[in-house]
Amino acid sequence: MSDSTITGAICSLLPDGEGSGGVLTPAVAERLMELYPYFALPASIVLRESGGMMSHEERRRLTRHLARTAPSPVVLATLLNDSDEPFYPDEKVATPSTESAIDTFLSTYGSGGEDDEVLNRLIFNPTPDYAQLLAKEEQHNLPSVSDGGDSHDDLLNRFIIKQKQQEGSAPQDEPSRIPAVTVENRHSDDAAAGQQQETSLLSESLAKIFIRQRQYERAYEIISQLSLNYPEKSVYFADQMRFLRKVIANRRRNAGKQ
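Under the working numbering, the first residue of the sequence shown carries the number 374, and numbering increases by one thereafter.
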């Protein structure tokens, strides 16, 4: 059944002498509302076809009539055909961001050992791609444990000094050269790559130790240097550095209140 046929049938419900020529206008719809208080179709058609040209008062009267006569909210939405503004806007679900997660944690951060472990996991929580890479590196390139009798603090300090010496002795602007491809060169490159991976893992392990000891500034220095040395992982390290900066600032702010 076409729209014109439906409109004509609706207009034929008017009493004799009140014919509208088969045109359903807002005035005709309101007249039908008086004659048939529970007949919602005329109002819905007028709102759908002429709602944009009606006055605010006319729209309000027709919409209120639909709200009274529609048997359910679903039917009301269908009759309005989304031409009217919803009574309640769609609820927007807030997606938690990294920043909000950090702020929430810092606002409830305590001093227990369990909180330290949570902090460690939050800072060293890699993205899926990097997690696979890190797991592979840890499986195949685990550093060997020293059998020396030095104390724990001495080993940490020696490692830091060694790192600083290596960074200071490396040339900054040396022009790159393309070496000849030989078996000896390949072995040398593989050894250098293995040493680089081992250094990365050792540095991250050291940063975790400093975090457990609440030496956040020293942990930040290590991660910042790792970000410079391994630009392909800069996104991963950026989250850790941002988190540590917030932890350091929060710690200083709390210290100032005491």
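Even for Gly, the Cβ is constructed at its ideal location relative to N, Cα and C.
Small disclaimer: the values here were computed from a predicted structure and weren't measured.
In terms of Cβ geometry, P388 and L408 form a close pair [threshold 9 Å].
If you check the CB distance, E403 and R434 come in under 9 Å.
Within the same chain, P399 come within 6 Å of E431 by CB-CB distance, once the 5 residues on both sides are set aside. According to the DSSP assignment, E422 belongs to the alpha helix (DSSP H) that extends over 414-423.
The alpha-carbon separation between T378 and G394 amounts to approximately 12 Å. If you look at R625, you'll find it in the alpha helix (DSSP H) that goes 607-630. A direct Cα-Cα distance of roughly 22 Å separates F412 from G425. For the set V620, S428, H429, R421, the Cα lying nearest the Cα of A450 is the one of R421.
Annotation for V396: no alpha helix (DSSP H) segment contains it, and DSSP assigns it neither H nor E. Taking C-alpha positions only, M406 is separated from C384 by approximately 12 Å.
Around T442, the same chain offers Y411, A413 as residues with beta carbons nearer than 6 Å, after the five sequence neighbours per side are excluded.
Nearest to G381 by C-alpha distance, out of G629, V396, G390, is V396.
The C-alpha of E605 is placed about 24 Å away from the C-alpha of K619. Counted as a single uninterrupted DSSP element, the alpha helix (DSSP H) harbouring E431 occupies residues 429-442. In the three-state reduction of the DSSP assignment, G381 falls in the helix class. In the DSSP assignment, S445 falls outside any alpha helix (DSSP H) and carries neither an H nor an E. In the DSSP annotation of this structure, the continuous segment of the alpha helix (DSSP H) that includes Y589 starts and ends at 589-602. Contact annotation: E577 and L601 have beta-carbon atoms that are not nearer than 9 Å.
The alpha-carbon of D612 is positioned some 56 Å away from that of V419. For E403, the secondary structure class from DSSP, reduced to helix, strand or coil, is helix. In the structure shown, L579 falls within a helical segment according to DSSP collapsed to helix, strand and coil.
Between the alpha carbons of L439 and D376 lies a distance of about 20 Å. Secondary structure of L528 (DSSP, three-state): helix.
Between F610 and L579, the C-beta gap is not smaller than 9 Å, which leaves the two residues out of contact.
Selection Y589, I595, E594, S607 evaluated against N623 yields Y589 as nearest (Cα-Cα).
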